[in-house]
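Asks: Mind having a look at this structure? Questions to follow.
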Amino acid sequence: MAFVNMKSKEVQAKIVFYGPGRGGKTTNLEYIYGKFRERIKSEMVSIKTHGDRTLFFDFLPFDIGKIMGYDVKVQLYTVPGQVKYDATRKLVLKGVDGVVFVADSQVEQRKKNVQALKNLQDNLATYKKSIFKVPLVLQYNKRDLKDVPILPMEVMEKDLNSQLKVPSFGASAVTGHNVVPTLKKIISATMASMQNVLK
Amino acid sequence: MGSNYDDYSFSEIVLGQEQLDSIETILTDELVESGVHSVLLIDLAGNIIAHRDNGNCDHDVYSLSALASANFAAVDTMAKIVGEEEFSLLFHKGENESIHFSKVNDEFLLIAVFGKKVTLGLLRLKVAEAIEKINTIIQQ
Ligand SMILES: Nc1nc2c(ncn2[C@@H]2O[C@H](COP(=O)(O)OP(=O)(O)OP(=O)(O)O)[C@@H](O)[C@H]2O)c(=O)[nH]1
Ligand SMILES: [Mg+2]
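Pasting the structure below:
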């Protein structure tokens, strides 16, 4: 849950990048880190395996400046996408204010995307949060792939977004295409959900 | 997918200026004055509620609190797996700096970074006193 410091007029909100293993969550954060280097004062923290898979989380604090008179700091996290890390994945979701679901556009990953979204719903439910109410943005990642078949955007929309009806972006975390728009969207959705407090 | 949570709403933590002032005073008086290098009150999501230090620390407190909350949550989950309600002492000892974690209530943790001049016994005493006072303020 977000923390509002009325004294220093500061808001801290937690945004989590969720999705199937190897979908590109960590790559999203790395792109953001590279792009906004001068505005991000600390190092990106990654708790990962030797093979560069996320073991616990990546963490990137990002100062986005003033919104409605408050100094807004978003804490960006990724979860480990591999199925076997569900216990730690659940911990990272604690206190989440907004979620970016990073789906993998590869045809081969179609089922995994759906399973990961279901897993998000289940894990949010353990914190009594509904996937239909949490600020959520979908990102269909790896649109740049040329050598392997990728799913048409309409198919991904139908698979993942037919009931949720949340904002979605085709993107490439490697080239950076639509990474920043995804981030901006989730930040504005998260801040909008907090408006009642930030009067 | 169907929703069963009609009453869901965001549960931001909002503390007023006076409450935060009092908490910061407690952190300084009870802990920093007793020789603790740096002390953080954080929530379980890793947000920093209050931070005080002795002026000689240059820690990355945002990363520290993200890791501390995750570490606490991981240890807490391990306790449940082996059938314990919780592990009461959470303490990492280094050659020069050590870190002590305590639960303040269901939402908050107190993280104290201290050196060789403070004994663990004194630290635990001071932390317990600070937690009691903080809880009184939060409940107001
Ligand atoms: N072509 C292409 N490759 C990508 C893209 N995004 C990520 N990748 C690659 O996919 C692999 C996995 O990316 P990660 O960012 O580590 O994936 P992750 O979602 O963090 O994976 P876990 O930590 O295991 O959950 C890496 O080899 C990335 O370079 C993309 O947009 N296009
Ligand atoms: Mg990763």
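Top to bottom, those sequences are chains A and B.
Each residue of the first sequence is one higher than the one before, counting from 0 in numbering that gives the first Met the number 0.
Each residue of the second sequence is one higher than the one before, counting from 0 in numbering that gives the first Met the number 0.
Glycine residues also receive a C-beta, built at the ideal position from the N, C-alpha and C atoms.
Does the distance between the C-beta of T25/A and the nearest non-hydrogen atom of ligand 2 fall short of 7 Å?
Replies: For ligand 2, at least one heavy atom lies less than 7 Å from the Cβ of T25/A.
Asks: Kindly list the residues whose CB is nearer than 6 Å to the CB of E37/A, restricted to its own chain and excluding five residues on each side of it in sequence; keep chain order.
Replies: Cβ neighbours of E37/A beyond the five flanking positions: none.
Asks: For S97/B, tell me which candidate among Y61/B, E17/B and T118/B has the shortest Cα-Cα distance.
Replies: The residue with the shortest Cα to Cα distance from S97/B is T118/B.
Asks: According to DSSP, what are the bridge partners of D70/A?
Replies: DSSP lists E9/A and K65/A as partners of D70/A.
Asks: Give the DSSP-derived three-state secondary structure of D164/B in the structure shown.
Replies: Nothing in the structure corresponds to residue 164/B, since chain B is present only between 0 and 139.
Asks: In whole angstroms, give me the CA-to-CA distance for S192/A and D57/B.
Replies: Going from the Cα of S192/A to the Cα of D57/B covers about 34 Å.
Asks: Looking at R52/A and ligand 2, is the gap between the Cβ and the nearest heavy atom below 7 Å?
Replies: Yes - ligand 2 has a heavy atom lying nearer than 7 Å to the Cβ of R52/A.
Asks: Could you tell me which residues DSSP puts in a beta bridge with K47/A?
Replies: T53/A.
Asks: Run through the DSSP bridge pairs and tell me what Q105/A is partnered with.
Replies: BP columns for Q105/A point to I149/A.
Asks: DSSP three-state call for F86/B: helix, strand or coil?
Replies: If DSSP states are grouped into helix, strand and coil, F86/B belongs with coil.
Asks: Following the continuous alpha helix (DSSP H) through I110/B, name the residue where it begins and the one where it ends.
Replies: Where I110/B is concerned, there is no enclosing alpha helix (DSSP H), although the beta strand (DSSP E) it sits in stretches over F107 to F113.
Asks: Can you grab the Cα-Cα spacing for the pair E32/B / I130/B, in whole Å?
Replies: Straight-line Cα distance between these residues: approximately 16 Å.
Asks: Using CA coordinates, which residue listed in M77/B, L43/B, E23/B and N104/B is at the minimum distance from S64/B?
Replies: Among M77/B, L43/B, E23/B and N104/B, the Cα nearest to that of S64/B belongs to L43/B.
Asks: If we cut at 8 Å on Cβ distances, does A86/A have a partner in chain B?
Replies: Chain B contact via Cβ: present.
Asks: Does the stretch 157-170 of chain A come close enough to the stretch 117-129 of chain A that 3 or more CB-CB pairs lie under 8 Å?
Replies: The stretch 117-129 of chain A is not in contact with the stretch 157-170 of chain A.
Asks: Just grab the DSSP bridge partners of A49/B for me.
Replies: Per DSSP, L40/B.
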